[in-house]
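> All you need for our numbering is the position in the sequence shown, starting with 1, plus 4.
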Amino acid sequence: MFTRPHMKWKSRYGMDWDERVPDWQIDLQCARFGRHMNAYMNANLDDLDVHFCRAVRQLFIPSEYRINSWSEKIFHAWCNIHDYNGELCLFGCSSSNKSHSMGLVALLDWMAAPHDTTTFFASTTLRALERRSWASIVSFYQTLKRKGLPAYHMKSKTAIINTEDKALEEQGVYSPESFKSGVFGIAVMSGTVQDAVSNIIGVHQNRVPEGATESPGGVRVIVDEA
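1) Throw me the rounded Cβ distance for the Tyr88 and Ala47 pair, which I believe falls under 8 Å.
2) Short of 6 Å in beta carbon distance, which residues of its chain neighbour Gly107, apart from the five on each side in sequence? Order them along the chain.
3) Look at Phe125 and Leu133 and say whether their C-beta atoms are less than 8 Å apart.
4) With three or more C-beta pairs closer than 8 Å as the rule, is the segment 67 to 82 touching the segment 157 to 173?
5) Can you tell me which of the three DSSP states Ser140 falls into?
6) What are the residues that DSSP puts in a beta bridge with His157?
7) Keeping to the same chain, check which residues put their C-beta closer than 8 Å to that of Trp21; ignore five residues upstream and five downstream.
8) Where are the alpha helix (DSSP H) runs, 4 residues long or more, that stay fully inside the segment 24 to 53, in chain order?
9) Report, in whole angstroms, the separation of the C-beta atoms of Ala35 and Ala59, which I expect to be a contact under 8 Å.
10) On the three-state DSSP scale, how would you describe Thr147?
11) Beta-carbon separation of Val187 and Ala110 under 8 Å?
12) Quick one: grab the DSSP three-state call for Lys14.
13) Should Phe95 be labelled buried (16 or more other beta-carbon atoms within 10 Å of its own) or exposed?
14) For a test of the three-state rule: what should DSSP assign to Asp87, helix, strand or coil?
15) According to DSSP, is Gly186 part of a helix, a strand, or is it coil?
16) State the DSSP-derived secondary structure class of Ile204, mapped to helix, strand or coil.
17) Could you check if Lys151 is buried or exposed, using at least 16 other CB atoms within 10 Å of its CB as the buried criterion?
18) Does Ser98 pass the burial test, meaning 16 or more other C-beta atoms within 10 Å, or should it be called exposed?
19) My guess is that Thr162 and Gly189 are in contact by the Cβ rule of under 8 Å, so how many angstroms apart are they, rounded?
20) Along the alpha helix (DSSP H) that carries Asp113, what are the first and last residues, could you check?
21) Going along the chain, which residues of its own chain have a beta-carbon closer than 7 Å to the beta-carbon of Leu148, five neighbours each way excluded?
22) How many angstroms separate the CA atom of Ser103 from the CA atom of Cys93?
23) Rounded to whole angstroms, what is the Cα-Cα separation between Pro213 and Ile85?
24) Between which two residues does the beta strand (DSSP E) carrying Asp20 extend?
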């Protein structure tokens, strides 16, 4: 007779969770899936962005990332992006951490459900990408990797992927082109705009956020078409 292994549970926000799920991931999932939880699971949630901020504070000490009034507005807009027709555009003065904060949002949104999310960030060139949001994504990844984040930075593909996918690639089961889940950087000038659009449209995933930094011309087309 087969028996299920004994599972221990903890209660958070009116719901039961496997006790192995860290609190930061519970808050990230509440931030991302909170509307569904409130509608169908009788959850007792705070505002979605409150959960996002709570996860950030659990994951980073102030010297690694400090939440301010500007980042709180960004987090609120992202967590409620359905109220903005699914689009978010940031304007602000230089050195106001727009790209930095959106890099954090991109990484944490993926971490909420890393096997069901494919995130794309586009810019004109690889160098432009690496100077802005992608640099922040990698910096936050490196901080969290030291704390045990199960992810791998594939520099050759400008990608952050699940460690399980990296293991399968090393075993020859996957090719690097087969990766679906992860955070991926796209340099538009490295190929045609249509190539970049096709890469995004061809991904069938539960969630596929797309972002653009310094988005003139072709980068804007990618976001519109995808």
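C-beta: ideal position from N, C-alpha, C; glycine also.
So, from the listed chains and residues:
1) Between Ala47 and Tyr88 the Cβ distance is about 23 Å, and since that is not below 8 Å, they are no contact.
2) Ser137, Ser140, Ile141
3) yes
4) no
5) helix
6) Ile164
7) Trp13, Lys14, Ser15, Ile30
8) 27 to 44
9) 7 Å
10) helix
11) yes
12) strand
13) exposed
14) helix
15) strand
16) The predicted position of Ile204 is uncertain, since its pLDDT is 49 and thus under 50; no value can be drawn from it.
17) exposed
18) exposed
19) 4 Å
20) 102 to 116
21) Leu63
22) 11 Å
23) 11 Å
24) 19 to 22
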